[in-house]
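Student: Here it is, the structure in full.
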Amino acid sequence: MKIYNTISRKKEEFNTIHKGIVNMYVCGPTTYNFIHIGNARPMVVFDTFRNYLASIGYQVNYIQNYTDVDDKIINKSKEEGIGPLELAAKYIEEYRKDANSLRVKEATFHPKVSENIEEIIEFIDTLIKKGFAYEVEGDVYFDVRNYKPYGKLSGKNIDDLKSGARVEIGDKKRSPLDFALWKTAKEGEINWVSPWGNGRPGWHIECSTMSMKYTKSPTLDIHGGGQDLIFPHHENEVAQSEGYTGKPFVNYWMHNGFITVNKEKMSKSLGNFFLVREILEKFSGEVIRYFILSSHYRNPIDFNDGALVESEKSLTKLMTAYNNLEKLINDNRDNQNDILENEFTKIEEKIEKALQDDFNTALAFSFFFDGSKIVTKAIKENLYNQKGLEKAFSIFKKYLVDILAVLPFEKVEEEVLEGDDNGTFNKVMEILLDVRNMARKDKNFAYGDLIRNELTKLDIEIIDTKEGSTWKKK
30 MKIYNTISRK
40 KEEFNTIHKG
50 IVNMYVCGPT
60 TYNFIHIGNA
70 RPMVVFDTFR
80 NYLASIGYQV
90 NYIQNYTDVD
100 DKIINKSKEE
110 GIGPLELAAK
120 YIEEYRKDAN
130 SLRVKEATFH
140 PKVSENIEEI
150 IEFIDTLIKK
160 GFAYEVEGDV
170 YFDVRNYKPY
180 GKLSGKNIDD
190 LKSGARVEIG
200 DKKRSPLDFA
210 LWKTAKEGEI
220 NWVSPWGNGR
230 PGWHIECSTM
240 SMKYTKSPTL
250 DIHGGGQDLI
260 FPHHENEVAQ
270 SEGYTGKPFV
280 NYWMHNGFIT
290 VNKEKMSKSL
300 GNFFLVREIL
310 EKFSGEVIRY
320 FILSSHYRNP
330 IDFNDGALVE
340 SEKSLTKLMT
350 AYNNLEKLIN
360 DNRDNQNDIL
370 ENEFTKIEEK
380 IEKALQDDFN
390 TALAFSFFFD
400 GSKIVTKAIK
410 ENLYNQKGLE
420 KAFSIFKKYL
430 VDILAVLPFE
440 KVEEEVLEGD
450 DNGTFNKVME
460 ILLDVRNMAR
470 KDKNFAYGDL
480 IRNELTKLDI
490 EIIDTKEGST
500 WKKK
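Using the numbering used here, you'd call the opening residue of the sequence shown number 30 and step up by one each time.
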C-alpha cells in the first residue's frame with residue numbers, strides 16, 4: 030500500500046514500525062461548540078482509513094484527543110455561566126452524538142488534556158532541561174532557534190517566517206516564532222500547579238504528550254488531520270516531540286483537504302457555516318459520509334445542498350443493488366449462466382488497487398456503480414446463480430457496509446403539511462417542479478423564476494441539479 034506523505038511530498042510504500050500493528054493519532058475537536066461539516070471530514074476520512082487497515086489485517090491503535098482546556102473553551106464557559114470542564118464535557122457528548130450519526134466509531138483511546146496534566150508538565154520540564162524551552166515569569170516557550178529542522182513538515186523557511194512575524198509590545202518571547210508550552214494563570218481561570226507557577230498547557234504540547242503516552246512509542250506510524258493544521262500546529266508538534274525524544278516523531282503524515290461552501294471559504298462571518306446536526310435534519314449521516322468519501326481525501330470539496338442531493342441519488346442506486354442482492358441471496362439458485370462471480374472478482378481487484386493507492390475512495394466508488402449495472406443486467410437477463418450472488422453480496426457488504434460505512438441508509442423524510450398523511454403536498458410540489466422544468470426547457474425562464482420566487486415566499490427552496498430539480502423546506 031502507498032500513502033502520500035506530507036513531509037516528503039510524495040507517495041511512499043507503507044511499512045509499520047511493529048509488524049501487524051498501526052499506531053495512529055488524529056487531532057480531535059476543541060470542545061466548545063457543535064461540529065461543522067469541515068470538522069466532519071477528518072472524522073470520516075480517518076475512521077474509514079482505520080476500518081480499511083483493520084480489514085487488511087492490521088491491529089489499529091487509533092487515538093483521537095479531546096481538547097478540553099483552551100482559550101475558546103474558557104471564553105465560551107464565561108458566556109454560558111458554567112465551568113470550562115463542564116462546558117467541554119457537554120460538547121464532548123454532543124460530538125459523540127454527531128459522530129454516531131456519521132457512523133464514526135469510537136477511537137481506541139480518547140484522551141483529554143485535563144486528564145494528562147502531569148505528563149504534560151513532565152514533557153515541558155524535559156524540554157527545558159534539554160535546552161529546547163525556557164521559562165519567563167511563569168510562562169514557558171519552545172525555543173524554535175534551537176530546533177534546526179523547524180519548517181521541514183510545512184516547507185516554510187524559518188528566516189521568512191521571522192521576517193513576517195508580528196512582534197507584540199511586551200512580548201516575553203526570545204523570538205516571535207517561539208510558541209507557548211505553558212501559560213501562567215490569569216485571575217479566575219482554570220489552572221494547575223506546576224514548577225513554573227499555576228497555569229495551564231498551551232495548545233500544541235497536548236498532542237505530542239498524549240500521542241506518545243497512548244501509543245507507548247516515541248514514533249507514530251501515522252498522524253492525521255486537516256491541511257489547516259500543517260502549520261503551525263503539526264509543525265510545532267514535530268519540533269517539541271523530536272526535541273523531547275531525539276527520534277523521528279511520525280513516519281507518515283496524512284492531511285485531508287478543505288471543504289468550501291459554494292466555492293467560498295467556510296466561515297461564520299460569511300454566514301456559510303453549516304453544523305452537522307443541521308445537515309442531518311435534511312440528509313442521513315450515510316449521505317454526508319458518502320459526500321465526503323466520494324472525493325479523494327486530499328482534494329478540496331465544495332459543499333452545497335445540490336451536492337448532497339446528488340450524493341443521496343448516487344447512494345440510492347447502490348442501495349437498490351444491495352437490496353436486490355440481499356433479497357435473492359437465499360434462493361439457492363442453480364444456474365450455469367452466471368456473470369456475477371467473475372465480474373465481481375475483477376471489481377474487487379480494482380477496488381483494492383484504488384484503496385491501496387493512497388486510499389482513493391472516489392475511484393473505489395466508481396467501480397461499485399459499474400457493479401450495480403452488472404447486478405441489474407444479471408437479474409434482468411437471468412445470468413446469476415447462488416455462488417455469484419454470494420460473491421457480489423459479500424463485496425457490497427465488505428466495502429460499502431463495513432469499511433466505507435455508507436450502507437444501509439434511509440432517506441430523511443421530506444416535510445409534509447400537518448394532517449397530510451397521504452403526501453398530497455409532496456405530490457403538488459412534484460407537479461410544480463415538472464411545470465417549472467418544462468418552462469425552462471422552452472426557455473421561458475421568467476415563468477420558471479416566478480415559480481421559484483413564489484415558493485421562496487413560502488420558505489420552500491428550489492435546488493437545481495444536472496439531473497433535474499428538487500426542493501426543501503427552509
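We treat Cβ as the ideally placed atom computed from N, Cα and C, and that holds for glycine. Quick caveat: nothing in here was measured; it's all calculated off a predicted structure.
1) Which ranges would you report for the alpha helix (DSSP H) in the region 314-338 if only whole runs of at least 4 residues count?
2) In or out: residue 485 buried (at least 16 other Cβ within 10 Å) or exposed?
3) With a cut-off of 8 Å, do at least 3 Cβ pairs link the region 157-176 to the region 92-108?
4) Under three-state DSSP, which class holds residue 394?
5) Would you say residue 227 and residue 214 are within 7 Å of each other, going by their C-beta atoms?
6) Tell me whether residue 73 sits in a helix, a strand or coil according to DSSP, three-state version.
7) Strictly by DSSP, which residues pair up with residue 52?
8) Taking all protein chains shown into account, decide if residue 212 is buried (16 or more other Cβ within 10 angstroms of its Cβ) or exposed.
9) Confirm, please, whether the CB-CB distance from residue 207 to residue 173 is below 7 Å.
10) Between the alpha carbons of residue 367 and residue 415, how many angstroms are there, rounded?
11) Distance check for residue 400 and residue 218, CA to CA, integer angstroms please.
12) On the criterion of 16 or more Cβ atoms from any shown chain inside 10 Å, does residue 360 qualify as buried, or is it exposed?
13) Excluding the five sequence neighbours on either side, which residues of its own chain have a C-beta within less than 7 Å of the C-beta of residue 225, listed in chain order?
14) Helix, strand or coil: which one does DSSP assign to residue 99?
15) CB residue 252 to CB residue 282, shorter than 7 Å?
16) Could you have a look at residue 448 and say whether DSSP puts it in helix, strand or coil?
17) Please classify residue 222: is it buried, with 16 or more other beta-carbons within 10 angstroms of its beta-carbon, or exposed?
18) Whole angstroms are fine: how far does the CA of residue 466 sit from the CA of residue 349?
19) How big is the Cα-Cα spacing for residue 284 and residue 71?
20) Could you say which of 288, 255, 256 and 247 lies nearest to residue 269 if we only look at CA atoms?
21) Since residue 171 sits in a beta bridge, which residues does DSSP pair it with?
22) Once DSSP output is grouped into helix, strand and coil, what is the label at residue 558?
23) Quick check: residue 136 and residue 92, are their CB atoms within less than 7 Å of each other?
24) Could you pull the DSSP bridge partners for residue 42 from this structure?
25) If you draw a straight line from the alpha carbon of residue 294 to that of residue 387, how long is it in whole angstroms?
26) Are the CB atoms of residue 230 and residue 287 nearer to each other than 7 Å?
27) Is the region 315-332 in contact with the region 388-396, if contact means three or more CB pairs nearer than 8 Å?
28) For the alpha helix (DSSP H) containing residue 121, name the first residue and the last one.
29) Per DSSP, which residues does residue 59 bridge with? Please list them.
30) To test your reading of the DSSP string, which unbroken alpha helix (DSSP H) runs of 4 or more residues are found completely within the region 221-294?
31) Report the partner residues of residue 491 according to the DSSP bridge assignment.
32) Mind checking whether residue 50 and residue 43 have CB atoms under 7 Å apart?
33) Leaving out the 5 sequence neighbours to the left and right, which residues in its chain are closer than 6 Å to residue 532 when beta-carbon positions are compared?
34) At the level of alpha carbons, what is the spacing between residue 36 and residue 383?
35) Pull up the distance between the alpha-carbon of residue 379 and that of residue 410, whole angstroms please.
36) How would you label residue 374, buried or exposed, when you count the other beta carbons within 10 angstroms and need 16 or more for buried?
Tutor: Working from what's here:
1) Correct list: 314-322.
2) With fewer than 16 other beta carbons inside 10 angstroms of its own, residue 485 counts as exposed.
3) Result no; under three Cβ-Cβ pairs closer than 8 Å.
4) The three-state reading of DSSP puts residue 394 in helix, counting H, G and I together.
5) Going by C-beta atoms, residue 227 is nearer than 7 Å to residue 214.
6) Looking at residue 73 - three-state DSSP - the assignment turns out to be helix.
7) According to the DSSP secondary-structure assignment, residue 52 is paired through a beta bridge with 90.
8) That one is buried.
9) Yes; because the gap between Cβ atoms is below 7 Å, this pair is in contact.
10) Residue 367 and residue 415: Cα-Cα distance of roughly 9 Å.
11) Cα to Cα, the separation comes out at about 58 Å.
12) Residue 360 comes out exposed.
13) 164, 167, 169 and 211.
14) Per DSSP, reduced to three states, the secondary structure at residue 99 is coil, with no helix or strand assignment.
15) Yes, the pair counts as a contact, with Cβ atoms nearer than the cut-off.
16) Its pLDDT being 45, under 50, residue 448 is placed unreliably in this model, and the value from its coordinates should be taken loosely. Residue 448: coil per DSSP, three-state reduction.
17) So residue 222 counts as exposed.
18) Each residue's Cα considered, the two are about 27 Å apart.
19) If I take the Cα positions, the gap works out to 8 Å.
20) Ranked by how close their Cα comes to the Cα of residue 269, the residues 288, 255, 256 and 247 have 247 in first place.
21) Secondary-structure assignment with DSSP links residue 171 through a beta bridge to 162 and 208.
22) The structure shown does not extend to residue 558, since the chain is modelled only from 30 through 503, so no value can be given for it.
23) Yes, Cβ-Cβ distance for residue 136 and residue 92 is below 7 Å.
24) When beta bridges are read from the DSSP output, residue 42 appears opposite 31.
25) Cα to Cα, the separation comes out at about 26 Å.
26) Taking 7 Å as the Cβ cut-off, residue 230 and residue 287 do not qualify as a contacting pair.
27) Touching, yes, given that three or more Cβ pairs across the two stretches are closer than 8 Å.
28) Note, residue 121: alpha helix (DSSP H), 113-130.
29) Paired residues: 96.
30) Counting only runs of 4 or more, we get 232-244 and 264-274.
31) DSSP lists 500 as partners of residue 491.
32) No. Outside cutoff.
33) With the chain covering only 30 through 503, there is no way to say anything about residue 532.
34) In this structure, the alpha-carbon of residue 36 lies about 22 Å from that of residue 383.
35) When rounded, the distance between both Cα atoms is 25 Å.
36) Its Cβ having fewer than 16 others within 10 Å, residue 374 is exposed.
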